[in-house]
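Worksheet: one structure, shown below.
Number of protein chains: 2
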Amino acid sequence: YKSSTEDTRSSTPQVQSVFSPLDTFPRRHIGPSQESAERMLQALDPPAKTLDEFVKQVLPADILSTKDMKVEGPMPESGSMATDQGGYSESQLIARLREIAGENKVYKSYIGCGYAGTRTPEVIKRNLLENPAWYTSYTPYQPEISQGRLESLLNFQTMVCDLTGLAISNASVLDEPTAAAEAMTLSVNALPAARQKSPNKTFLVSHLCHPQTIAVLESRAQGFGIKIVVADILENDSTQVDEVGEDLIGVLVQYPDTYGGVADYKALSEKVHKLKGTLCVGTDLLALTLLTPPGEFGADIAFGNAQRFGVPFGFGGPHAAFFAVSEKHKRKIPGRLIGLSKDRLGDKAARLALQTREQHIRREKATSNICTAQALLANMSAMYAVYHGPAGLKRIAEKVAKMTQVVAKGLEQAGLEVRKPVAFDTVVVKKKGAHDFAQKIAQLFLTNFRIIDDETIGITLDETVGKKQVDEILRAFSTDIMDADELAASIESVPAVPEALKRTSPYLTHPVFNSYHSETELMRYMYHLQSKDLSLVHSMIPLGSCTMKLNAATEMAPISWPEFANIHPFVPANQAQGYAQLIKELEADLSEITGFHSTSLQPNSGAQGEFTGLRVIRKYLEDQPGKKRDICLIPVSAHGTNPASAAMAGMRVVTIKCEHSTGNLDMADLKAKCEQYSEQLGAIMITYPSTFGIFEPQVKEACRLVHEHGGQVYMDGANMNAQIGLCSPGEIGADVCHLNLHKTFCIPHGGGGPGVGPIGVAKHLSPYLPGHPLVANVGGSKAIAPVSAAPWGSASILPISWAYIKMMGARGLTHATKITLLNANYILARLKPHYPILYTNSQGRCAHEFILDTRKFKDTAGVEAIDIAKRLQDYGFHAPTMSWPVANTLMIEPTESESKAELDRFCDALISIRQEIKAVESGEQPKEGNMLKMAPHTVKDLLRSEWDRSYSREDAAYPLAYLKEKKFWPSVARLDDAYGDVNLFCSCAPVETIDGMTGSAAPMPT
Amino acid sequence: YKSSTEDTRSSTPQVQSVFSPLDTFPRRHIGPSQESAERMLQALDPPAKTLDEFVKQVLPADILSTKDMKVEGPMPESGSMATDQGGYSESQLIARLREIAGENKVYKSYIGCGYAGTRTPEVIKRNLLENPAWYTSYTPYQPEISQGRLESLLNFQTMVCDLTGLAISNASVLDEPTAAAEAMTLSVNALPAARQKSPNKTFLVSHLCHPQTIAVLESRAQGFGIKIVVADILENDSTQVDEVGEDLIGVLVQYPDTYGGVADYKALSEKVHKLKGTLCVGTDLLALTLLTPPGEFGADIAFGNAQRFGVPFGFGGPHAAFFAVSEKHKRKIPGRLIGLSKDRLGDKAARLALQTREQHIRREKATSNICTAQALLANMSAMYAVYHGPAGLKRIAEKVAKMTQVVAKGLEQAGLEVRKPVAFDTVVVKKKGAHDFAQKIAQLFLTNFRIIDDETIGITLDETVGKKQVDEILRAFSTDIMDADELAASIESVPAVPEALKRTSPYLTHPVFNSYHSETELMRYMYHLQSKDLSLVHSMIPLGSCTMKLNAATEMAPISWPEFANIHPFVPANQAQGYAQLIKELEADLSEITGFHSTSLQPNSGAQGEFTGLRVIRKYLEDQPGKKRDICLIPVSAHGTNPASAAMAGMRVVTIKCEHSTGNLDMADLKAKCEQYSEQLGAIMITYPSTFGIFEPQVKEACRLVHEHGGQVYMDGANMNAQIGLCSPGEIGADVCHLNLHKTFCIPHGGGGPGVGPIGVAKHLSPYLPGHPLVANVGGSKAIAPVSAAPWGSASILPISWAYIKMMGARGLTHATKITLLNANYILARLKPHYPILYTNSQGRCAHEFILDTRKFKDTAGVEAIDIAKRLQDYGFHAPTMSWPVANTLMIEPTESESKAELDRFCDALISIRQEIKAVESGEQPKEGNMLKMAPHTVKDLLRSEWDRSYSREDAAYPLAYLKEKKFWPSVARLDDAYGDVNLFCSCAPVETIDGMTGSAAPMPT
Ligand SMILES: Cc1ncc(COP(=O)(O)O)c(C=O)c1O
Ligand SMILES: Cc1ncc(COP(=O)(O)O)c(C=O)c1O
Ligand SMILES: O=C([O-])O
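Here the protein sequences line up with chains A and B, keeping their order. The first sequence: position 427 = 427 (the numbering used here), numbered continuously. The second sequence: position 474 = 1480 (the numbering used here), numbered continuously.
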């Protein structure tokens, strides 16, 4: 990897000629300057002479890449080519991206199908979507420094509960079809235990659900052995439900349905409940301002896409899907749930509730693997509701509904046949030669309709439509002159549905939805929330396994360009050529980086990538001769999503031990298990470098062993940041690997999402990459069913990763990897004299992260990892990953974006905390009520007149000098988790203790 | 004004038809909802029944407009027309603006002439330029809640001092030519007193200065009786300097000069100094990284445009001009100066230094009227330097210089004649038929050169240029194939100037310029500074006369569009058609709003508007028969810039009294003065509503009187927010009025600028509106010399005001005026039981602002206005305008953007403070060391273990309940002004006490 040595100068632009651009990016992305890097190499224990010598101490020799990675970069003056040199400068990148964006055509899209046009209020766009204080924050696992987004997500939940009429909502799921899948698996869980095992268990799905929903359900049903039956559910008084009988899991309907109709599901609901099944309803939040909410006609679960609440199409995402359940299912709800609790001072405070469920406990018993969700988008949608309020939302809904009636009436007047009822925003009309018609209309009016079949067109209206658009729609179908105003005047009832289906109950009555309706008020509300949250704009977030690196402004800029934002996911291919180009390049670059043949960008989280990769493997294995291979080997150290995904893919999980002394895979155990299950061995899932932060020397051997026994190797690429340019999953011997673009490739964490979890696969697996029911040329020739609503998942954030790769170039990416390793080892070296380090390799090095072993302090001082984590807040830092993968330890990952100065500040903080622990150990400070136990300290706490603590106010607030200049104050004191656990939402019944809880109750990294 | 009554429903969109847009703007811009407004009307003292009844109680009947204002608005479906109805919706506005932007052509511009292409780092653009926390803050007169921008402006000053080699820099002036004018007038001030009066005093200006600089100097010289001689200064050993002899004020040179050359000015400097004259140098910060700085060859003053440090062309502005002087002139430097002082706790803190100079004291003795400057742009340029650091800047400069050498060499090789020396970034080359040539090149290469004359072309390079551009430039002149790399290789010395002119001294050695070179570090640095500053994102800023209203995101969005940002001010007219359209519409709308015939957008601040308006008046009067009319009547209550501007326009100021009891103009005094000066009466300057916040009933009579005596009426439009749609300067009888677009029309204050101060004039004055030397069709047929560098001043921020007007529409604007009056009167009514109110009209009403009379507390409790102002910080509010226009009082202006909730919070705070004062009055609290005297309180102060105060920590921090939830903490304690005044920059000699200081030492509103 020759790029390495030349690359030590990356802190100054590589001026090859006087004409070379000076706005080069790697030196901006990478924290330490060249001089700092050299000083850090000196400071290692033992010191290293050069960066390359150091790298060789970190990576096993046999995995180091033998060839130089190549990434498409700019040619000296025009054009571009694959090169092992540097990438685009920032301005070159923007120029190139403007060209690419220009290839997308922004037409009006009335395609509907789960997506509708919307107006993002500029005040939300600027101050939330484009604001790093919102988008660089992490999942709010540290509630004391996350109250802002916790409150906003609570608003999201309240909004969903109010509009659906259900008791409990989570803080978003990935998209509408995966929400449907979650509804299905929750329904299985809700069955009496005996029935859960039934080989014929059946989920009835209305044929009026969105096609992509049905397709994704198919993909998810398999692993659980669920039979999906798509049918006209209401036909013959729903006798089909009775026919399924005790095999019934539940019924899924869409409301309004994909063709815009609604029906009364009361009778169905009773029937389903009589059979102990679950009624699941896919729905639309805007429609629910006018229609009877699902909770009022007996739905157990309602879900849908909150996209039309202010989040643009984005060619498919990301958007927040919502998911709500009735009271009785509240302990089964998947994903993240915000609850109200109180803090040490008794003040109200929000937190992630029920964090001890799902992947953290259930692992292979999980029915959901959702981890990263859509927090940022959920916040946008919640703010949209806060800004419009109930009256504003209703006004929008009524406008949409009335315009839809106008279109329906106009089309009827023109002699066309319109499907009835037209319940809200969608008109379905008969039109012969629909394909040709739609194509012609696209050309003439720059307008897209939905082609349902060659005789049927769908038209879905939205808040961006006005008279001009309605006129155009009518003109597209008829040359008659029709007066839209006259049509409008003749319409009586909006929505045009029976009284029983009209909403009468109030919603969004909480003050938060009725206070911030001027721009000034909303702006201040958003800033007020923001001021409570610690994010990358404040300090390093050293979360192991999470790779909280810079999300550069140049990477983020294109997100808001209309050419990327305003494209419906199902537009004709010729309108999305810019996206196609960008996707092609990103797939190619990621394949090069991972050493694989092909890449699919469809999965919209790491966990989804796992599930997709395993399904691809399973499909491939099915096509091979021999037995069913459904054993999945997973090391004990694996992230909870690994076994969960394996289980969801229908695999049986077998655990592989790790060596106690080194943390490495126990090769003997692996060998034994391989041999034991040789005939059934499907796959192994390994994370590399391991979740303990070590480049295990025997990884190639492990791959070889599994292959020898007929299994495939799945690599969890969460730690890919440690590999790029130095080694690759493909070269190491893996067959599949998912990447977290929201870790390694600069998509911001957004306070808990969005994410993208693409998978790279070796050649033999590429035919199985997932397809899409509505869009051609997606996935491989033997494509598995889709895992996401949209063909390329969360397409609109792909420019971020694309831009990162293009600006870093092969050389910059490789250098970043080296510095990420150096940064971690530098912290390790500074902390080693003060704390035990759990694992290092034979040369005393860690990879890009390492585990600080804080377990002994429990005995010596009664101090636990959580106390150190909370005390770090007083020092202005977010805690490292707590108690994962090892309980009561801290895992530290600095990333390459942090400068030496920041690393030093962080080390100083941890060393100072060590002194504070010493004071307890020595008895100078008491075991209870000391600074660590009382941490974090809020201003309010410290300002109380009475002061009877064993330490001073100043020592609590300013233990180090830099804090007097730069202090971040937690907005609440330490959360009372016990109280929160038993008082979900402050008023609910105690949460039943879950059996079989093992390991730590702490949150997982994302 | 019929729009009024219908308009009470403006809090909900006016749904005329189902198709009407719902994203209407007035209800977002205006704070109070309809229900709130009704409750507020009830709460007035006495209550008012309707908004319109209330308006009639506020405005004198004889000035109420009789016709409905009309503003161009959207037609129902397409097109637009002047209408008295509502305006564009937010999305309609953006769509229309995109069309207009599309009419601007973004070509490469090598025109130079004081402007150069630049790259705004995206991280600065996003987190500073596009961040309301930066752009909505006010001039940092309250240092305790402004340390962020104070530090940044200090960085700007340090940067300027270092690069110019001079001791003292201010925190920006308006543009390069007005900086030259400031240099000229400072030079006059620096003369021995006797020589200041010389009728032949002469300022020698090099013919190699930028043409717009020379033109603006002309406009400024007149009022001061200065003779400007433009000449080849160095010719014959500068004998011309000797010839001027004792009449010499100073000499102005440009370095590098407008044609790109440099010369050695050492000898000149000695000659000038021997004559006690001042050497002024217009210069370029980027060039100074390579060239000997002016301070090292004897310059007394250096100034220039900091634009190329990261601020786009913007069709002329706004950009920060810089201004630096040698140690000996430090007390004469105009504009705002940041100095380091300390706070009550002895901690280092920055503040506006020497605030007791210039307009605040000198009034008619002033030689500068600068008030609003370019703070936001100065911050951008400072951050650009912080990000690049000394080495980065030098790299950029060297690249530019070398490319320029390449171009020069290439042109010479092609046989063209190139002017020598080519010192930095500009090549001047002989080219016959330059006009036609340039036009053809623009078409062929989308590239602009400077046409110096029909035989001479100028080419100025910049950091955005690369090899492709250099190739194109060469190709434009020659069809020879030239290899730019070869040319580059053959160049030896950069810059190509004598050794004596090469810089050897270091610069930007301060850590701040050497620490934040990664994006993460810079982002955190900017956020850290931001976190110290209170702005509109936190709470209302009730500064009387400053109109701190909402700066809406939709208004701000276009600022960063390349079609507005990347246009050089001197491009051919056909490339700026979008700007032309927007300017035409804005001029028309402002003329309609003010009731005038024409508007000039050229002045880039209110004070500049005053100066321009007075010069227009003087020119007009000169063209009238009769005596010289140079008396300007100014009420005592006028803003300090009024007399300063009058003096600068060469007028003699005569003061008009105000009635003690009502604050109104003393009509008897006015009449007497009119009669006394009848023959010489030039103008009266009045502010309306008055600076006391009253619609004076006799304003029309005053206008009549002045006109009768041959004078013109100048209206200071700072308070225009109280008039729009209800009355107008034109109808009232004024002849000229300036507007502050940065008050009334939503341009954000930016922490002290930018601003736009257009003037509207009656028909007879319109021929005199200012022109421009380089751009045709600017100004009237008898245009006065320009007052700004660019034909339309700060063009790139005009879209903000345009958007505001277009989105509000005539009706929204009128309604906003009513609510601004209501908001002020509501606060008045709530505070009246607690505080004396200085003036109200006969019906007990104020206009859009009013004065809280806090003078008596000095006697009763030892409490002064400043103590209340500082204590308000503890309540999370910025102080109202302090001690202006009346010493030791507070002037409150809420604007229409504040909601009732926010007004109530503010009233609660002031009422609570009144209780705190009562506690002192009653002896419950001591006169010294009480909460008011110790305010504001920082966390650091309150956390000290020792506590011996007469109040508790909690009472200091949380006097009202809302503060526990929403608290803004000042970052330093009260500034020690006495210390700062004697320790300018912590180390300088004591500031001499200035005689004749009258009135308050408090800062002025801007
Ligand atoms: C090792 C590992 N695997 C998988 C995941 C799951 O990724 P996601 O949150 O994108 O679903 C994570 C996230 O923390 C992880 O750290
Ligand atoms: C009444 C009045 N006139 C003039 C001005 C000067 O305006 P500017 O600061 O834009 O120069 C101000 C600004 O505060 C003002 O309040
Ligand atoms: O829930 C987790 O993010 O691991």
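Positions of the beta carbon are idealized from the N, C-alpha and C atoms, including for glycine. Owing to the predicted nature of the structure, the values given are computational and were not obtained by experimental measurement.
- The alpha carbon of LEU1274 of chain B has as its nearest neighbour, out of B:LYS1282, B:THR1295, B:ASP1243, the alpha carbon of B:ASP1243.
- By the 16-neighbour rule on beta-carbons within 10 angstroms, ALA82 of chain A is exposed.
- Within 6 Å of the C-beta of SER605 of chain A there is at least one heavy atom belonging to ligand 1.
- Interface annotation for the region 1501 to 1532 of chain B against chain A: SER1521, HIS1523, SER1524, GLU1525, THR1526, GLU1527, MET1529, ARG1530, criterion Cβ-Cβ distance under 8 Å.
- If you check the C-beta of ASP716 of chain A against ligand 1, you find a heavy atom less than 6 Å away.
- When DSSP reads this structure, LEU1343 of chain B sits in a beta bridge with B:ALA1359.
- When 8 Å is used as the limit between beta carbons, PRO1942 of chain B is near no residue of chain A, the shortest such separation being about 14 Å.
- Selection B:PRO1501, B:ARG1950, B:GLU1478, B:GLN1536 evaluated against VAL1268 of chain B yields B:PRO1501 as nearest (Cα-Cα).
- Counting only unbroken stretches of 4 or more residues, the alpha helix (DSSP H) elements lying wholly within the region 1568 to 1594 of chain B are 1568 to 1571, in sequence order.
- The DSSP assignment places 278 to 283, 301 to 305 as complete runs of the beta strand (DSSP E) inside the region 269 to 319 of chain A, in order along the chain (cut-off: 3 residues).
- A residue is called buried when at least 16 other Cβ atoms come within 10 angstroms of its Cβ; ILE1487 of chain B does not meet this threshold and is exposed.
- Cβ contact annotation for ALA1049 of chain B (same chain, cutoff 8 Å, sequence separation greater than five): TYR1832, ALA1835, ARG1836, in chain order.
- Straight-line spacing of the CA atoms in ALA1420 of chain B and LYS1277 of chain B works out to 41 Å.
- Distances from the alpha-carbon of GLN723 of chain A to those of A:THR258, A:ARG27, A:LEU59 put A:LEU59 closest.
- Counted as a single uninterrupted DSSP element, the beta strand (DSSP E) harbouring SER1115 of chain B occupies residues 1114 to 1116.
- For ASN1894 of chain B, no alpha helix (DSSP H) segment is defined, and its DSSP state is neither H nor E.
- Here SER1566 of chain B has LYS1131, LEU1135, GLU1136 as same chain residues with Cβ atoms under 8 Å from its own Cβ, once five neighbours each way along the sequence are excluded.
- Neighbourhood of PRO21 of chain A in chain B, by CB distance below 7 Å: GLY1472, in chain order.
- Nearest neighbour of ALA1293 of chain B by Cα position, chosen from B:GLY1037, B:ARG1401, B:ALA1379, turns out to be B:ARG1401.
- Considering only beta carbons, the part of the region 876 to 902 of chain A lying closer than 8 Å to chain B consists of SER897, GLU898, SER899, ALA901, GLU902, in chain order.
- With a threshold of 7 Å between beta carbons, GLY31 of chain A makes contact with chain B.
- Annotation: HIS749 of chain A to LYS870 of chain A spans about 21 Å, alpha carbon to alpha carbon.
- Around ALA1558 of chain B, the beta-carbon contacts reaching into chain A at under 8 Å are GLU122, VAL123, GLU519.
- Among the residues of the region 406 to 430 of chain A, those with a Cβ less than 8 Å away from any Cβ of chain B are VAL406, in the order of the chain.
- ASP175 of chain A is positioned such that its CB atom lies closer than 7 Å to that of ALA321 of chain A.
- DSSP places TYR839 of chain A outside any alpha helix (DSSP H), giving it a letter other than H or E.
- In this structure, the C-beta of ASN1557 of chain B stays at least 6 Å away from each heavy atom of ligand 2.
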